[in-house]
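Using my numbering, the first residue of the sequence shown is number 0, and each one after it goes up by one.
By construction, the Cβ of each residue, glycine as well, lies at the ideal position given by its N, Cα and C atoms.
Fair warning: this is a prediction, and the values are worked out from it, not measured in the lab.
Take a look at the structure below.
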Amino acid sequence: MRVLICYGTTEGQTRKIAGFIADIVRKHGHEATLFDATDADDTEPSKAGAAILAGSIHMGRYQSALVHRARAWHERLNAMPSVFVSVSLSAVGDDPHERAEIDEIAQKMLHDTGWRPGATLQAAGAFRFTQYDFFKRWVMKLIALQRRQAVDMKSDKEYTDWAAVTAFTEDFLAKLPADKPG
Numbered sequence: 000m001r002v003l004i005c006y007g008t009t010e011g012q013t014r015k016i017a018g019f020i021a022d023i024v025r026k027h028g029h030e031a032t033l034f035d036a037t038d039a040d041d042t043e044p045s046k047a048g049a050a051i052l053a054g055s056i057h058m059g060r061y062q063s064a065l066v067h068r069a070r071a072w073h074e075r076l077n078a079m080p081s082v083f084v085s086v087s088l089s090a091v092g093d094d095p096h097e098r099a100e101i102d103e104i105a106q107k108m109l110h111d112t113g114w115r116p117g118a119t120l121q122a123a124g125a126f127r128f129t130q131y132d133f134f135k136r137w138v139m140k141l142i143a144l145q146r147r148q149a150v151d152m153k154s155d156k157e158y159t160d161w162a163a164v165t166a167f168t169e170d171f172l173a174k175l176p177a178d179k180p181g
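Written as structure tokens, this is what we have:
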């Protein structure tokens, strides 16, 4: 089956997660169509049998290109097996307030677009200090300190739980209908 994997990314961690998911999809014998939501091409869900959308939360919202795609495609996405991967540094810890906040942000985006994925994974992101400008580096350092995370501002720090991403993806693939063309 062809599985569409569309992602929105700011510093690249969601791209890395989406690529990892595409590798899992291929290992399970499916065809993966991976692309950035900002790409202006004719890729769309009607050419796939299933879809995985992934986006990262920055300043309380997802990338506008990903939201636009979800809104434009919601009817087709709702008619096929689909899931959402939400990436955020707030998914790192077990703080119930932060977890509730990222769940609320995801639910708002899904409500606003009309898309109803079968499941949502809250995946931890990464600090990309090597890609930040001076101001953002210090803001992110402050965020790290508030989370009691020791970070080196000269290197990146990844928090993604790859085993959780693998389990989520494999669970989704296991539920795909075997006879659906893609």
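Just to confirm my understanding: we take residue i, look at its own chain, exclude 5 residues before and 5 after, and list those with CB closer than 7 Å. What are they?
{"i": "Glu100", "result": "Ser89"}
{"i": "Lys140", "result": "Val150, Met152"}
{"i": "Ala78", "result": "none"}
Are residue i and residue j closer than 8 Å when you measure CB to CB?
{"i": "Thr13", "j": "Ser55", "result": "yes"}
{"i": "Trp65", "j": "Ala36", "result": "In the sequence on display, residue 65 carries Leu and not Trp. Yes, the Cβ-Cβ distance between Leu65 and Ala36 is below 8 Å."}
{"i": "Val164", "j": "Ala122", "result": "yes"}
{"i": "Leu175", "j": "Trp114", "result": "no"}
{"i": "Arg60", "j": "Thr112", "result": "no"}
Ignore the nearest five residues each way along the sequence and tell me which others in residue i's own chain have a CB closer than 6 Å to its CB.
{"i": "Gln62", "result": "Gly7, Gly54"}
{"i": "Glu30", "result": "Arg1"}
Could you give the first and the last residue of the continuous alpha helix (DSSP H) run that contains residue i?
{"i": "Gln106", "result": "95-112"}
{"i": "Val150", "result": "Here Val150 belongs to no alpha helix (DSSP H), and DSSP marks it neither H nor E."}
{"i": "Asp35", "result": "Unbroken run through Asp35 is the beta strand (DSSP E), 30-35; no alpha helix (DSSP H)."}
{"i": "Arg182", "result": "What is shown of the chain runs 0 to 181, which leaves residue 182 out entirely."}
Compute the Euclidean distance between the alpha carbons of residue i and residue j, then round it to the nearest angstrom.
{"i": "Gly124", "j": "Ser45", "result": "30 Å"}
{"i": "Phe134", "j": "Ser85", "result": "25 Å"}
{"i": "Val91", "j": "Tyr158", "result": "7 Å"}
{"i": "Asp22", "j": "Arg98", "result": "28 Å"}
{"i": "Arg25", "j": "Phe34", "result": "15 Å"}
{"i": "Lys107", "j": "Gly28", "result": "34 Å"}
{"i": "Thr129", "j": "Lys156", "result": "10 Å"}
{"i": "Gly181", "j": "Gly48", "result": "Confidence is the limiting factor: at Gly181 the pLDDT is only 47, short of 50, which leaves the residue's position unreliable, though a coordinate-based value still follows. Their Cα atoms are separated by approximately 5 Å."}
{"i": "Ile16", "j": "Phe126", "result": "14 Å"}
{"i": "Gly11", "j": "Ala162", "result": "19 Å"}
{"i": "Glu103", "j": "Arg68", "result": "20 Å"}
{"i": "Pro95", "j": "Leu172", "result": "29 Å"}
{"i": "Asp132", "j": "Ala177", "result": "48 Å"}
{"i": "Lys179", "j": "Ala50", "result": "Its pLDDT being 44, under 50, Lys179 is placed unreliably by the model, and the measurement read from it follows with that caveat. Going by the C-alpha atoms only, they are around 13 Å apart."}
{"i": "Ile20", "j": "Asp38", "result": "19 Å"}
Quick check on residue i: does DSSP put it in helix, strand or coil?
{"i": "Gln12", "result": "helix"}
{"i": "Arg127", "result": "coil"}
{"i": "Gly117", "result": "coil"}
{"i": "His27", "result": "coil"}
{"i": "Ala78", "result": "coil"}
{"i": "Glu43", "result": "coil"}
Near residue i, what residues of its chain come up, given a Cβ to Cβ distance below 8 Å and the 5 sequence neighbours on each side ignored?
{"i": "Pro116", "result": "Leu52, Leu76, Ser81, Val82, Phe83, Leu109"}
Using a Cβ-Cβ distance under 8 Å, would residue i count as near chain D?
{"i": "Thr13", "result": "Looking at the structure shown, chain D is missing, and only one protein chain is on hand."}
Residue range of the beta strand (DSSP E) that residue i falls in?
{"i": "Leu175", "result": "It is not in any beta strand (DSSP E) - Leu175 carries neither H nor E in the DSSP assignment."}
{"i": "Val91", "result": "Per DSSP, Val91 belongs to no beta strand (DSSP E) and is neither H nor E."}
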